[in-house]
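Here the numbering used here is used: the first residue of the sequence shown is 61, the next is one more, and so on. Some notes on the structure that comes next.
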Amino acid sequence: MPDLTMTENALGVTWHNTVDDLGSDHRILVTTIPRENDATQSSNKTKRLVDWDKFREIRRQSASPPTSNIKSWCENVISSARQATQEVQMDFPIDRLYS
61 MPDLTMTENA
71 LGVTWHNTVD
81 DLGSDHRILV
91 TTIPRENDAT
101 QSSNKTKRLV
111 DWDKFREIRR
121 QSASPPTSNI
131 KSWCENVISS
141 ARQATQEVQM
151 DFPIDRLYS
């Protein structure tokens, strides 16, 4: 399974693979997200919250054999993330919501 970094509605995001593995079969990816994106999101009172336990359960239930079609695999992962995401109305200003 490839290591991924997904962003949405963020401009100027960059990433690079450090090639460090710290003894794991994964590599460390460094993602840089410019701070100026926070200002545009802070005025929005609707935030998205991902239930990561639900995401993992959806992924477990939709387990499929290994594929070489990365586009199809990514679409499936994104669909799982959307299914595990809900929109939350905030009654107070907040820049970020961590799940």
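Glycine residues also receive a C-beta, built at the ideal position from the N, C-alpha and C atoms.
| message | Counting C-beta neighbours from all protein chains within 10 Å, is the total for A123 16 or more, i.e. buried, or is it exposed? | response | Indexing the sequence shown from 1 puts residue 123 at position 63. Exposed: under 16 other Cβ atoms inside 10 Å.
| query | In this structure, what does DSSP give as the bridge partners for H76? | reply | The residue you call residue 76 lines up with position 16 of the sequence shown. According to DSSP, H76 bridges with V90.
| How would you label S140, buried or exposed, when you count the other beta carbons within 10 angstroms and need 16 or more for buried? | Your numbering for residue 140 matches position 80 in the sequence shown. Buried.
| field | Helix, strand or coil at K114 according to DSSP, with G and I counted as helix | value | For the purposes of this step, residue 114 is identified with residue 54 of the sequence shown, where counting begins at 1. Residue state, collapsed to three classes: helix.
| said: My output table needs one value for K105: the three-state DSSP class, helix, strand or coil. | reply: Here residue 105 corresponds to residue number 45 of the sequence shown, with the count starting at 1. Reduced to three states, the DSSP call for K105 is coil.
| said: According to DSSP, is E135 part of a helix, a strand, or is it coil? | reply: Here residue 135 is taken as the residue at index 75 of the sequence shown, counted from 1. Three-state result, E135: helix.
| Delimiting residues of the beta strand (DSSP E) encompassing T145 | If you number the sequence shown from 1, residue 145 lands on position 85. That run of the beta strand (DSSP E) goes 145-149.
| request: Excluding the 5 residues preceding and the 5 following Q78 in the sequence, name in chain order all residues of the same chain whose CB lies nearer than 8 angstroms to its CB. | output: Position 18 of the sequence shown, counted from the first residue, corresponds to residue 78. Residue identity differs from the one stated: residue 78 is Thr in this sequence, not Gln. The residues are R87, I88, L89, V90.
| What does a CB cutoff of less than 8 angstroms around M160 pick up in its chain, not counting 5 residues either side in sequence? | Missing from the structure shown is residue 160; the chain here goes from 61 to 159 and no further.
| Nearest-angstrom Cα separation, counted from A144 out to I118 | As a first step, residue 118 must be located in the sequence shown, where it is residue number 58. As a first step, residue 144 must be located in the sequence shown, where it is residue number 84. Each residue's Cα considered, the two are about 8 angstroms apart.
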